[in-house]
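Input: a single structure, listed below in structure tokens.
In the working numbering, the protein residues as written are 308 to 465.
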């Protein structure tokens with residue numbers, strides 16, 4: 308297994324938690340996202356049961372059933388104000404409990420607001436979520452997700 312070397316670190320935080328020692332003034336050199344909920348107001352998806360569960364999870368997370376409010380606290384709502392979009396890789400799986408349409412919508416929003424190095428991969432035929440597909444073969448590229456991510460991040464180092 309490859310080990311990532313260099314000045315990259317995990318700046319992300321689930322559920323809106325703040326990361327000590329990090330401020331918005333620091334811009335990431337690159338971003339990788341796995342199965343991310345990007346538009347909390349969206350109920351698009353292939354599997355109605357997963358979409359229904361996703362909606363209930365979002366209502367619990369936001370403490371609101373108001374789709375307007377859910378959109379306002381979504382990562383995708385911040386894209387329009389972005390002034391510096393780093394290279395980004397968005398991963399999802401076809402049958403992920405977080406609908407792959409979330410990653411596709413984020414890709415489209417980033418590209419329409421000036422993102423020039425944004426790729427989205429929806430890996431077909433599997434239902435794994437987030438890091439559960441780290442060692443999965445990306446049938447679209449012929450490479451393992453873990454290798455793709457590490458090589459992508461290494462390519463962004465000075």
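Heads up, the beta-carbon is just placed ideally off N, CA and C, and yes, glycines get one too.
- Counting the other CB atoms within 10 Å of its CB gives residue 363 a total below 16, which places it among the exposed residues.
- The residue from 433, 418, 377 with its alpha-carbon nearest to that of residue 394 is 418.
- The beta-carbon distance between residue 386 and residue 342, rounded to whole angstroms, is 18 Å. This is too long to meet the 8 Å contact definition.
- According to the DSSP assignment, residue 369 belongs to no beta strand (DSSP E) but to the alpha helix (DSSP H) extending over 355–369.
- Runs of the beta strand (DSSP E) lying entirely within the stretch 387–423, each at least 3 residues long, are 395–400 in chain order.
- In this structure, the alpha-carbon of residue 438 lies about 11 Å from that of residue 339.
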